[in-house]
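Chemist:
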Ligand code: SF4
Ligand code: SF4
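Numbering (the working numbering), first residue to last: 1128 to 1503.
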């Protein structure tokens, strides 16, 4: 692997949230205390060194920043107040931008004006679709109720159209994420000219990817297990919601008022609880700033939390208004819900904070591949 030196790298990293990149004097305390650092994959000190020396190519091919779950132990013990935990967080933002071939991730992470403008652009498109485009095809708001007293959601948000839109959006996001993961793989595994990994190892270790996505076992190694739990609730709630909305929309967006014990309602309630629980812990933590992991917030952290919270709240409102027969309130909250959800999916998942949902489990998988690499 060729070594690329970028004297400007340190200044560039500051734009991703790194504060004092020069405070560290390499005592190594952080690496010694880190519960997730291991032989062959030592961090955070080594990564700080690469950053300070401007070794861009080595930094880009690092998997270690993704193995850090920001427990904050290193920051608490650093004698120089260098905040290594936040340095690793900033490196994850930087790495996300290096995997993204469109260049949009870098724009979103380094310019809040740029990110807000795109969020607004997609939100306006959604509102125009509901107020102008769909009514021109005969799908419009109606104050009529179903025989059980529920709101006729399908009159203004027809399932075949919403479902087709969901699938198109999911395909775009998946294509972007997959292409970025291929670039991540190239930088971490393929580019290494000294070692190779057999196809059999790729297949044999693949289960790790699924397991780490579903359970996040590395996170549970941090001393404070509460954050693993709240993160797991948030992630499982989001995954369930995403699957029912994209794959099972006709089953989920029903006009029938189902009994309270129906599995569809319970699945929705669990997902809502999981999301609200995880969001509450993250938002209160960031306001209180008591725990190290919440003391510094980048604008992208807040944007993500605000958008996800608004998505959940408007989703709850749709449910309440729909089953209580309030058509206008349902109509307005449905548009508001989509106006937050669509930009969040299109921006946060492939380009910003939410992309770690994919990069983290892949990083664990790539780490395992690296452990089984043999000389060429
Ligand atoms: S970040 Fe702090 S603890 Fe870690 S090596 Fe540098 S000075 Fe030491
Ligand atoms: S924040 Fe925790 S997991 Fe991350 S480098 Fe520091 S000690 Fe390790």
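Note that beta-carbon positions come from the ideal geometry of N, C-alpha and C, so glycine has one too.
1) Please determine whether the Cβ atom of residue 1152 lies at a distance below 7 Å from any heavy atom of ligand 1.
2) DSSP has residue 1278 in a bridge; who is on the other side?
3) Report whether the distance from the Cβ of residue 1178 to the nearest heavy atom of ligand 2 is below 7 Å.
4) Report the three-state DSSP secondary structure of residue 1229 (helix, strand or coil).
5) Report the start-end ranges of each alpha helix (DSSP H) in the segment 1428 to 1479 that is 4 residues or longer and not cut off at the edges.
6) Based on the DSSP secondary-structure assignment, which residues constitute the bridge partners of residue 1132?
7) Could you check if residue 1137 belongs to the surroundings of ligand 1, using beta carbon to heavy atom distance under 7 Å?
8) According to DSSP, what are the bridge partners of residue 1502?
9) Expressed to the nearest angstrom, what Euclidean distance is found between the alpha-carbon atoms of residue 1329 and residue 1385?
10) Looking at the secondary structure, which residues open and close the alpha helix (DSSP H) in which residue 1249 lies?
11) Using CA coordinates, which residue listed in 1180, 1242, 1252, 1326 is at the minimum distance from residue 1465?
12) So, for residue 1179: in the same chain, excluding its five sequence neighbours on each side, which residues have a beta-carbon less than 8 Å away from its beta-carbon?
13) In terms of alpha-carbon separation, which member of 1194, 1197, 1242, 1221 lies closest to residue 1471?
14) If you measure from the CB of residue 1197, is any heavy atom of ligand 2 nearer than 7 Å?
15) Going by DSSP, name the residue or residues bridged to residue 1165.
16) Within 10 angstroms of its Cβ, does residue 1494 collect 16 or more other Cβ (buried), or is it exposed?
17) Closest by CA to residue 1347, which one among 1145, 1143, 1162, 1389?
18) Taking residue 1487 and residue 1280 to be in contact with their CB atoms under 8 Å, please state how far apart those CB atoms are, rounded to whole angstroms.
19) Expressed to the nearest angstrom, what Euclidean distance is found between the alpha-carbon atoms of residue 1327 and residue 1165?
20) With a threshold of 7 Å on Cβ separation, who are the neighbours of residue 1408 within its own chain once the five nearest residues in sequence on each side are excluded?
21) Please determine if the segment 1215 to 1228 and the segment 1357 to 1368 are in contact, where contact requires at least 3 C-beta pairs separated by less than 8 Å.
22) Are the CB atoms of residue 1203 and residue 1192 within a distance shorter than 8 Å?
23) Measure the alpha-carbon distance for residue 1276 versus residue 1429 and round it to whole angstroms.
24) Assuming residue 1377 and residue 1286 form a contact by the criterion Cβ under 8 Å, report the distance between their Cβ atoms to the nearest whole angstrom.
25) At which residues does the alpha helix (DSSP H) containing residue 1425 begin and terminate?
26) Just how far apart, CA to CA, sit residue 1370 and residue 1379?
27) Within the present structure, is the beta-carbon of residue 1212 separated from the nearest heavy atom of ligand 2 by less than 7 Å?
28) Give the range of the alpha helix (DSSP H) segment to which residue 1190 is assigned.
29) Is residue 1323 closer than 8 Å to residue 1187 when the C-beta atoms are compared?
30) Buried or exposed for residue 1475, please, with buried defined as at least 16 other CB atoms from any protein chain shown within 10 angstroms of its CB.
31) I need the boundaries of the alpha helix (DSSP H) containing residue 1290, first residue and last residue.
32) Is it the case that the Cβ atoms of residue 1427 and residue 1479 are separated by a distance below 8 Å?
33) Flag residue 1207 as yes when its Cβ comes closer than 7 Å to any non-hydrogen atom of ligand 1, and as no otherwise.
34) In the DSSP assignment, the alpha helix (DSSP H) including residue 1204 goes from what residue to what residue?
35) Would a check of beta-carbon distances place residue 1296 closer than 8 Å to chain C?
Modeler: Checking against the coordinates, here is how it stands:
1) Here residue 1152 is taken as the residue at index 25 of the chain shown, counted from 1. For ligand 1, at least one heavy atom lies less than 7 Å from the Cβ of residue 1152.
2) What you label residue 1278 is simply residue 151 of the chain shown in a count that begins at 1. DSSP output for residue 1278 lists 1272 as bridge partner(s).
3) The sequence position of residue 1178 within the chain shown is 51, counting from 1. Distance from the C-beta of residue 1178 to the nearest heavy atom of ligand 2 is not below 7 Å.
4) Against the chain shown, residue 1229 aligns to sequence position 102. Here residue 1229 sits in coil by DSSP.
5) Correct list: 1454 to 1470.
6) Working through the chain shown from its first residue, we reach residue 1132 at position 5. For residue 1132, which the question treats as bridged, DSSP gives the partners 1182.
7) Translated into the one-based positions of the chain shown, residue 1137 becomes position 10. For ligand 1, not one heavy atom lies less than 7 Å from the Cβ of residue 1137.
8) Numbered from its first residue, the chain shown carries residue 1502 at position 375. Residue 1502 pairs with 1322.
9) Residue numbering aside, residue 1329 sits at position 202 when the chain shown is read from its first letter. Residue numbering aside, residue 1385 sits at position 258 when the chain shown is read from its first letter. One C-alpha to the other measures close to 45 Å.
10) Position 122 of the chain shown, counting from 1, holds the residue named residue 1249. 1239 to 1255 is the extent of the alpha helix (DSSP H) around residue 1249.
11) Indexing the chain shown from 1 puts residue 1465 at position 338. Closest option to residue 1465, Cα to Cα, is 1252.
12) Counted from its first residue, the chain shown places residue 1179 at position 52. Answer for residue 1179: 1137, 1148, 1149, 1151, listed in chain order.
13) Here residue 1471 refers to the residue found at position 344 of the chain shown. Of 1194, 1197, 1242, 1221, the residue nearest in Cα terms is 1242.
14) What you label residue 1197 is simply residue 70 of the chain shown in a count that begins at 1. Yes, since a heavy atom of ligand 2 falls inside the 7 Å radius drawn around the Cβ of residue 1197.
15) Working through the chain shown from its first residue, we reach residue 1165 at position 38. Answer by DSSP bridge pairing, in chain order: 1168.
16) Mapped onto the chain shown, residue 1494 falls at position 367. Around the beta-carbon of residue 1494, 16 or more other beta-carbon atoms lie within 10 Å, marking it buried.
17) In the chain shown, counting from the first residue as 1, residue 1347 sits at position 220. For residue 1347, the nearest C-alpha among the options comes from 1162.
18) For the purposes of this step, residue 1487 is identified with residue 360 of the chain shown, where counting begins at 1. For the purposes of this step, residue 1280 is identified with residue 153 of the chain shown, where counting begins at 1. The Cβ separation is near 35 Å, so there is no contact.
19) Counting from 1 along the chain shown, the entry for residue 1327 is found at position 200. Counting from 1 along the chain shown, the entry for residue 1165 is found at position 38. Distance between the alpha carbons of residue 1327 and residue 1165: 24 Å.
20) One-based indexing of the chain shown puts residue 1408 at position 281. So the qualifying residues of the chain are 1357.
21) no
22) For the purposes of this step, residue 1192 is taken as the residue at position 65 of the chain shown. For the purposes of this step, residue 1203 is taken as the residue at position 76 of the chain shown. No, Cβ-Cβ distance for residue 1192 and residue 1203 is not below 8 Å.
23) In the chain shown, counting from the first residue as 1, residue 1276 sits at position 149. In the chain shown, counting from the first residue as 1, residue 1429 sits at position 302. Cα to Cα, residue 1276 sits roughly 39 Å from residue 1429.
24) Position 250 of the chain shown, counted from the start, is the residue given in the question as residue 1377. Position 159 of the chain shown, counted from the start, is the residue given in the question as residue 1286. Indeed they touch by this definition, with Cβ atoms about 5 Å apart.
25) Taking the chain shown and counting its residues from 1, one reaches residue 1425 at position 298. Per DSSP, residue 1425 lies in no alpha helix (DSSP H) and is assigned neither H nor E.
26) Looking up residue 1370 in the chain shown gives position 243. Looking up residue 1379 in the chain shown gives position 252. So the two alpha carbons sit approximately 10 Å from each other.
27) Residue 1212 sits at position 85 when you count from the first residue of the chain shown. True, at least one ligand heavy atom lies under 7 Å from that Cβ.
28) For this step, residue 1190 is matched to residue 63 along the chain shown. Looking at the DSSP string, residue 1190 is not in any alpha helix (DSSP H), and its letter there is neither H nor E.
29) Working through the chain shown from its first residue, we reach residue 1187 at position 60. Working through the chain shown from its first residue, we reach residue 1323 at position 196. No.
30) Here residue 1475 refers to the residue found at position 348 of the chain shown. Counting Cβ neighbours within 10 Å, residue 1475 comes out buried, since at least 16 surround it.
31) Start at 1 with the first residue of the chain shown, and residue 1290 comes out as number 163. From DSSP, the alpha helix (DSSP H) with residue 1290 extends over 1286 to 1312.
32) Taking the first residue of the chain shown as 1, we reach residue 1427 at position 300. Taking the first residue of the chain shown as 1, we reach residue 1479 at position 352. Against a cut-off of 8 Å, the Cβ pair of residue 1479 and residue 1427 comes out as a contact.
33) In the chain shown, the residue the question calls residue 1207 occupies position 80. Yes, since a heavy atom of ligand 1 falls inside the 7 Å radius drawn around the Cβ of residue 1207.
34) The count along the chain shown starts at 1 and reaches residue 1204 at position 77. Here the alpha helix (DSSP H) through residue 1204 covers 1200 to 1204.
35) You won't find chain C in this structure, because it holds only one protein chain.
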